[in-house]
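Chemist: The numbering used here puts the first residue of the sequence shown at 3, with every later residue one more than the last. Beta carbons are placed, not taken as given, at the ideal position from N, Cα and C, and that holds for glycine. As the structure is a prediction and not an experimental result, all values here were calculated from the model. First the structure, which I've put down as structure tokens, then a few questions once you've had a look.
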Amino acid sequence: MPRRPVPTTVTLLLFVAATLRAEIITLVGGQSIQGEILREYPDRVVIDLGYDALSVPRQQIGSIEKEPAAAAPLADTPAPQAGATENLYSTADLPPRSVRALAEEFGEAVVLVSSPAGRGSGFFVTKQGHLITNFHVIENETRITVTVFRKVGDEFRRQKFEEVDIVATNPFLDLGLLKINPAERSADYTPVVAYLALHESRDGETVFAIGNPLGLERSVSQGIVSSRNRAIEGLCYIQTTTQINPGNSGGPLFNTRGEVIGVTNMKIPGGEGLGFAIPVRYVVDFLKNRDAFAYNSESSEAGYRYLQPPSRQKPGTPESLKPQPAGAASKER
Numbered sequence: 003m004p005r006r007p008v009p010t011t012v013t014l015l016l017f018v019a020a021t022l023r024a025e026i027i028t029l030v031g032g033q034s035i036q037g038e039i040l041r042e043y044p045d046r047v048v049i050d051l052g053y054d055a056l057s058v059p060r061q062q063i064g065s066i067e068k069e070p071a072a073a074a075p076l077a078d079t080p081a082p083q084a085g086a087t088e089n090l091y092s093t094a095d096l097p098p099r100s101v102r103a104l105a106e107e108f109g110e111a112v113v114l115v116s117s118p119a120g121r122g123s124g125f126f127v128t129k130q131g132h133l134i135t136n137f138h139v140i141e142n143e144t145r146i147t148v149t150v151f152r153k154v155g156d157e158f159r160r161q162k163f164e165e166v167d168i169v170a171t172n173p174f175l176d177l178g179l180l181k182i183n184p185a186e187r188s189a190d191y192t193p194v195v196a197y198l199a200l201h202e203s204r205d206g207e208t209v210f211a212i213g214n215p216l217g218l219e220r221s222v223s224q225g226i227v228s229s230r231n232r233a234i235e236g237l238c239y240i241q242t243t244t245q246i247n248p249g250n251s252g253g254p255l256f257n258t259r260g261e262v263i264g265v266t267n268m269k270i271p272g273g274e275g276l277g278f279a280i281p282v283r284y285v286v287d288f289l290k291n292r293d294a295f296a297y298n299s300e301s302s303e304a305g306y307r308y309l310q311p312p313s314r315q316k317p318g319t320p321e322s323l324k325p326q327p328a329g330a331a332s333k334e335r
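And the structure:
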């Protein structure tokens, strides 16, 4: 009886090749092979394994099925409609790359958030113009502007959006959700989106931040995760050696896959390499439940300030309230 040419190496090779659209060949023994069918003969099928071709006898094939089309991992969340429950964020399983390459690709997702009280950073989470920042960057403010840095050729061009809506705020988590006005967007501009990480960060992991520290726009700083769960005032933060300074607040903290693992928001005054970021799991929860944190224009954080009247410089009765001497009124005409 002739030997059947289906050695055990088939089960080793089937893990080697991976194509975007392929067939799944299930053998009678239960093993499966994934690859593109190059040609079918009456007695055998030739399969492309990427850098080698494999001929499988027909009598050893149990079934052949088309691999289902995978959903595009980089697709952005569609624009939310009335009553919809879209999460307003995107995820992607990206390969590791250099900080330089990632900063070049995702640098345009980071923006400058300005108000009369100061400046901070933020980053887009949807192509419709939703962006994340810190609550303390926009606290008590309504006149907010967002400046994006569009890369055109080898240079960056500034574009300012002055009609910015406050969608939701969470003072406890120090998060704010803004949206630029679509009417201000030019037809050729679509925001670059930063993707949120699928997995938790790890101690010792290389990370980097992009922001506007002290007004120095589009600054990139690199470090590691010192602790992925540093407890501060009842919340867990990512502690990092990445340089965090005033103006970085609200900007993204990336891993080496280009995924956002946190939102930078504070540092230890006088300390070096002691920066902190809000973990992305809090950001996801904030976005999923943004209706619970919807901005209320009548709240104390709405931007209307009721100032105390000036205090008296001299004690006693004001001159205007003192009794006038007799005949003083008759002098007035």
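Provide the residue(s) that pair with G225 in DSSP beta bridges, ordered along the chain.
Modeler: DSSP, once it has assigned bridges, lists V209 as partnering G225.
Chemist: Going by the CB atoms, is the gap between N214 and S123 shorter than 8 Å?
Modeler: Taking 8 Å as the Cβ cut-off, S123 and N214 qualify as a contacting pair.
Chemist: In terms of residue numbering, what span does the alpha helix (DSSP H) encompassing E38 cover?
Modeler: From DSSP, E38 is part of no alpha helix (DSSP H) but of the beta strand (DSSP E) over S34 to E42.
Chemist: Hey, V139 and V113: beta-carbon distance below 8 Å or not?
Modeler: No, the pair does not count as a contact, with Cβ atoms beyond the cut-off.
Chemist: Are the stretch 243 to 262 and the stretch 216 to 228 in contact at 8 Å, needing three or more beta carbon pairs?
Modeler: With the cut-off at 8 Å, the stretch 243 to 262 and the stretch 216 to 228 touch.
Chemist: Please classify L51: is it buried, with 16 or more other beta-carbons within 10 angstroms of its beta-carbon, or exposed?
Modeler: Label assigned to L51: buried.
Chemist: Exposed or buried, what is R102 when buried is set at 16 or more other beta-carbons lying within 10 Å of its beta-carbon?
Modeler: Looking at its Cβ environment, which holds fewer than 16 other Cβ atoms inside 10 Å, R102 is exposed.
Chemist: Near S57, which residues of its chain fall below 6 Å by C-beta distance, leaving aside the five closest residues on each side in sequence?
Modeler: Only R46 and V48 meet the Cβ criterion.
Chemist: Between E143 and I168, what straight-line distance do the alpha-carbon atoms span, to the nearest angstrom?
Modeler: In a straight line, the C-alpha of E143 is about 10 Å away from that of I168.
Chemist: Closest to L200 by CA distance: which of M268, P312 and Y284 is it?
Modeler: Checking every option, the nearest Cα to that of L200 belongs to Y284.
Chemist: Any chance you could list the alpha helix (DSSP H) runs of at least 4 consecutive residues sitting entirely within the stretch 85 to 152, in chain order?
Modeler: The stretch 85 to 152 contains these whole alpha helix (DSSP H) runs: 101 to 108 and 137 to 140.
Chemist: Identify whether D45 lies in helix, strand or coil by the three-state DSSP scheme.
Modeler: Three-state result, D45: coil.
Chemist: Could you check the C-alpha separation between P312 and L104 for me, to the nearest Å?
Modeler: Approximately 53 Å, taken between the alpha carbons.
Chemist: Quick check on the burial criterion: 16 or more other C-beta atoms within 10 angstroms. Buried or exposed for V30?
Modeler: Result: exposed.
Chemist: Of the choices T149, E38, I234 and F108, whose alpha-carbon is the least far from that of R121?
Modeler: It is T149 whose Cα lies nearest to the Cα of R121.
Chemist: Taking C-beta to C-beta, are G109 and I240 nearer than 8 Å?
Modeler: Cβ distance not < 8 Å, so G109 and I240 don't count as in contact.
Chemist: Identify the continuous beta strand (DSSP E) that holds K337 and give its terminal residues.
Modeler: The question about residue 337 has no answer here: the residues shown for the chain are numbered 3 through 335.
Chemist: Three-state secondary structure (DSSP) at A294?
Modeler: A294: helix per DSSP, three-state reduction.
Chemist: What residues in its chain sit with their C-beta under 8 Å from that of A84, if we drop five residues either side in the sequence?
Modeler: Because the pLDDT of A84 is 34, which lies under 50, any placement of that residue in the model is unreliable, and the number read from its coordinates should be weighed accordingly. Closer than 8 Å at Cβ, skipping near neighbours: no residue.
Chemist: By a C-beta neighbour count over all protein chains shown, 10 Å radius and 16 as the cutoff for buried, is P97 buried or exposed?
Modeler: P97 is exposed by the Cβ-count criterion.
Chemist: Assuming L289 contacts L90 (C-beta within less than 8 Å), just tell me the rounded distance between them.
Modeler: Yes, L289 and L90 are in contact; Cβ-Cβ is about 5 Å, under 8 Å.
Chemist: Helix, strand or coil for S57 per DSSP?
Modeler: Strand at S57.
Chemist: Can you say whether P75 is buried or exposed, counting buried as having 16 or more other CB atoms within 10 angstroms of its CB?
Modeler: Bear in mind that a pLDDT of 43 at P75, under 50, signals an unreliable position, so the number given afterwards is only what the model happens to contain. Answer is exposed; the Cβ neighbour count stays below 16.
Chemist: Round the Cβ separation of S92 and Y197 to the nearest angstrom and send it over; I've been treating them as touching at under 8 Å.
Modeler: Contact holds; Cβ gap of about 5 Å.
Chemist: Could you give the distance in angstroms between the alpha-carbon of R160 and the alpha-carbon of Y297?
Modeler: Each residue's alpha carbon lies about 28 Å from the other.
Chemist: Apply the 10 Å Cβ neighbour rule to K316 and answer buried if 16 or more other Cβ atoms are within range, or exposed otherwise.
Modeler: Its Cβ having fewer than 16 others within 10 Å, K316 is exposed.
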